[in-house]
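What follows is one structure encoded as structure tokens, with my remarks underneath.
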Amino acid sequence: MAEQSELNRLFWQSRRGMLELDVLLVPFVKEVYPGLDEEDQRRYRKLLSCEDQDMFGWFMQREEPEDEDLRRMVRMILDRVQPK
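Terminal number for the sequence shown in numbering that gives the first Met the number 0: 83, no gaps in between.
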């Protein structure tokens with residue numbers, strides 16, 4: 000389980016200043032991240048180290064990350080908000 004100080008830090012890192020990213024990342028870190036296993040938490044932190052423009056392209060499904068970990072995390076976040 001993630002500590003509160005880590006969650007607070009990740010919350011602020013998830014606020015990117017780009018609405019399209021904020022509406023995906025902020026709810027994810029609040030609602031899903033605490034329940035992720037350690038590997039997926041690591042993947043999310045890795046995602047946050049990426050450039051906003053790269054993430055924008057991935058989340059708008061214009062391209063996919065080459066890195067398998069990042070691809071998994073992008074898919075997990077998109078699956079959460081896309082209708083089945």
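Just so you know, even glycine gets a beta-carbon here, dropped at the ideal spot from N, CA and C. Here the structure is a predicted model, which is why all the values come from computation and not from measurement.
What is the DSSP secondary structure of residue i, reduced to helix, strand or coil?
i, result
"Glu-67", "helix"
"Asp-36", "coil"
"Ser-4", "helix"
"Ser-48", "coil"
"Gln-81", "coil"
"Arg-74", "helix"
"Glu-14", "Reading off the sequence, residue 14 comes out as Arg, not Glu. Of the three classes helix, strand and coil, the one that applies to Arg-14 here is coil, per DSSP."
If I follow the unbroken alpha helix (DSSP H) through residue i, where does it start and stop?
i, result
"Asp-51", "51-58"
"Glu-62", "From DSSP, Glu-62 is part of no alpha helix (DSSP H); its letter is neither H nor E."
"Pro-26", "18-30"
Pull up the CB-CB distance for residue i and residue j, whole angstroms please, since I reckon it's below 8 Å.
i, j, result
"Leu-24", "Ser-13", "4 Å"
"Glu-63", "Trp-57", "6 Å"
"Met-72", "Leu-46", "5 Å"
"Arg-70", "Val-31", "In fact, because the Cβ distance is near 17 Å, the residues do not count as touching under 8 Å."
Return the residue from the list the options that minimises the CA-CA distance to residue i.
i, options, result
"Glu-19", "Asp-53, Glu-37, Glu-2 and Ser-4", "Asp-53"
"Asp-39", "Gln-60, Phe-55, Ser-48 and Asp-68", "Asp-68"
"Met-75", "Gln-3, Arg-42 and Glu-2", "Arg-42"
Starting from the C-beta of residue i, find all residues in its chain whose C-beta is less than 7 Å away, skip the five residues before and the five after it, and write them out in chain order.
i, result
"Asp-21", "Arg-14 and Arg-15"
In its own chain, which residues sit with a C-beta less than 6 Å from the C-beta of residue i, not counting the 5 before and 5 after it?
i, result
"Val-28", "Leu-9, Phe-10 and Ser-13"
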